[in-house]
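Novice:
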Amino acid sequence: MYRRAVHSSPMLHSREKRGYVANERSSSTNRGGGRAPGRPPGKGSTPARGPKPASAKTRAGAGRGGPGSSYGSPPGASRQYFVVATWVAVAAALVAVIVLVTLKVTSPSTTASPPSRLASASLVQAVTHVPQAAADAVGISGDPSQSLPVSPPIPVKGQSLLTVNGKPEVLYIGAEYCPFCAAERWPMVVALSRFGAFSHLGITASSTTDIYAGTKTFTFYNSTYTSPYLVFEPVETETVSHASLQQPTPQQNALISKYDGPPYTGPASSSNTAGAIPFIDLGNQFIVSGASYTPAVLSGDSRTTIASELAHPSSIIAKLIVGSANYLTAAICVLTHDQPASACSIPAVIKAQKALGAG
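Read in this note's numbering, the sequence shown has 266 at position 51, and its numbers run on one by one without any break.
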């Protein structure tokens with residue numbers, strides 16, 4: 216179980232976090248027979264230069280003129296000018312340092328990270344254009360024959376719609392090392408692509424030293440999403456090596472504190488505490504806390520293999536990823552008042568809305 220650790224930094228920054236809200240099975244599961252799920256094994260400033268040495272003519276004339284003379288300068292004037300100019304330069308340098316430090320402290324924290332590799336056009340095409348017939352055939356049940364359920368989003372009652380610039384907002388909090396986040400990004404990309412389009416979508420894999428090691432996935436870091444219906448705000452808090460990456464805003468942290476734990480995720484208990492990732496806030500109307508299905512079914516598979524399975528509704532991968540995407544789509548359709556029809560009129564999505572109590 217993955218839980219968010221509490222740190223002194225305001226960064227939502229974690230080492231142990233909870234995932235997969237449904238009970239996982241230890242029995243052997245496979246996509247066609249026999250693969251058991253894996254088990255946990257500032258630059259310094261340049262010194263200011265003083266004024267240039269006086270010219271020969273000025274040096275010769277210094278001190279020669281008496282009061283009222285127009286030739287030369289009063290005794291000691293050049294030295295006074297040098298001292299004043301030096302102090303002005305020092306003061307300016309100090310001000311520049313203070314400004315740079317202030318900007319460093321007050322700017323949003325994003326630690327430099329090696330650039331993610333971009334997903335290939337063919338991979339993006341396969342995941343963002345799952346055939347409607349396949350989506351409808353998959354439904355929302357997961358794979359009951361293998362005891363592999365799909366966990367639906369959790370309804371949130373009596374809360375105002377979360378919006379940005381008049382559009383409903385979908386907030387995602389995750390981390391690149393997290394295997395449960397790795398699993399959840401697949402249905403998120405499928406579902407969100409029914410309402411808009413991604414660009415610069417990167418690829419990554421979960422930590423190789425964690426449970427479900429090296430689960431292949433996408434990363435939302437540095438990606439762009441555009442939609443006429445909603446705003447998607449992704450936050451990847453850490454890299455695969457646990458380096459800090461992105462920091463949630465105070466407003467986003469408030470949403471995490473409010474919704475990512477009891478009573479919204481169920482009654483308080485030793486196994487249900489606050490801080491699970493992935494965490495998804497769907498307009499303050501639904502939340503997802505933990506992965507919607509077990510990452511075990513993706514173990515050892517390449518991204519190409521996972522993506523190709525999505526068009527085959529009989530495969531376990533399609534049943535879990537597309538089934539989860541149908542639930543996410545149904546929740547988003549509540550936010551968008553069933554727009555667009557191309558997404559919200561899919562029979563499996565209508566069925567999911569009814570299951571969520573919104574149909």
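Note that beta-carbon positions come from the ideal geometry of N, C-alpha and C, so glycine has one too.
For clarity, every value in this text was computed on a predicted model and none was experimentally measured.
#1: Whose C-beta lies closer than 6 Å to the C-beta of valine 320 among residues of the same chain, with five residues either side of it excluded?
#2: Suppose the cutoff is 8 Å on Cβ atoms and the five residues either side in sequence are ignored; what does the same chain contact list for isoleucine 561 look like?
#3: My understanding is that phenylalanine 494 touches isoleucine 521, with C-beta atoms under 8 Å, so please give their C-beta distance in whole angstroms.
#4: Taking the beta strand (DSSP E) that glutamate 453 belongs to, which residues open and close that run?
#5: Enumerate, from N- to C-terminal direction, the unbroken alpha helix (DSSP H) stretches of 4 or more residues contained entirely within the segment 366 to 428.
#6: By DSSP's criteria, threonine 439 is part of a beta bridge. Which residues make up the other side?
#7: Can you look up threonine 343 in the DSSP assignment and give me helix, strand or coil?
#8: Can you tell which of Cys393, Gly476, Ala397, Tyr392 has the C-alpha that lies nearest to the C-alpha of serine 504?
#9: Got a sec? Which residues, its chain only, sit under 6 Å from glycine 357 by beta carbon, not counting five neighbours each side?
#10: With a threshold of 6 Å on Cβ separation, who are the neighbours of serine 524 within its own chain once the five nearest residues in sequence on each side are excluded?
#11: Please identify the residue among Leu407, Asp425, Pro449, Ser414 whose C-alpha is closest to the C-alpha of alanine 546.
#12: Taking only three categories from DSSP, how would you classify threonine 430?
#13: Along the chain, where does the beta strand (DSSP E) containing isoleucine 495 start, and where does it finish?
#14: By DSSP, does serine 472 sit in helix, in strand, or in coil?
#15: Within 10 angstroms of the Cβ of leucine 376, are there 16 or more other Cβ atoms? Answer buried if so, exposed if not.
#16: Does the distance from the C-beta atom of isoleucine 502 to that of proline 383 stay below 9 Å?
#17: Beta-carbon separation of glutamate 391 and threonine 441 under 9 Å?
#18: State the Cα-Cα distance for the pair aspartate 516 and glutamine 361, rounded to the nearest angstrom.
#19: Would you tell me roughly how many angstroms separate the C-alpha atoms of lysine 566 and proline 370, rounded to the nearest one?
Specialist: Quick answer:
#1: Caution is warranted here: a pLDDT of 37 is assigned to valine 320, below 50, making its placement in the model unreliable, and no coordinate value can be reported.
#2: Cβ neighbours of isoleucine 561 beyond the five flanking positions: Gln347, Ala350, Asp351, Asn541, Thr544.
#3: Rounded, the Cβ-Cβ distance is 23 Å, inconsistent with contact.
#4: Where glutamate 453 is concerned, there is no enclosing beta strand (DSSP E), given that its DSSP letter is neither H nor E.
#5: 394 to 407
#6: Threonine 439 pairs with Ser414.
#7: helix
#8: Minimum Cα-Cα distance from serine 504 among the listed residues Cys393, Gly476, Ala397, Tyr392 corresponds to Gly476.
#9: Leu363, Pro364, Val365, Lys534, Leu535, Gly538
#10: Note that residue 524 is glutamate in the sequence shown, not serine. Excluding sequence neighbours, glutamate 524 sits near Ser530, Ile532, Ala533.
#11: Of the listed residues, the one whose Cα sits closest to alanine 546 is Leu407.
#12: coil
#13: 494 to 497
#14: The three-state secondary structure of serine 472, taken from DSSP, is helix.
#15: exposed
#16: no
#17: Cβ distance not < 9 Å, so glutamate 391 and threonine 441 don't count as in contact.
#18: 19 Å
#19: 16 Å
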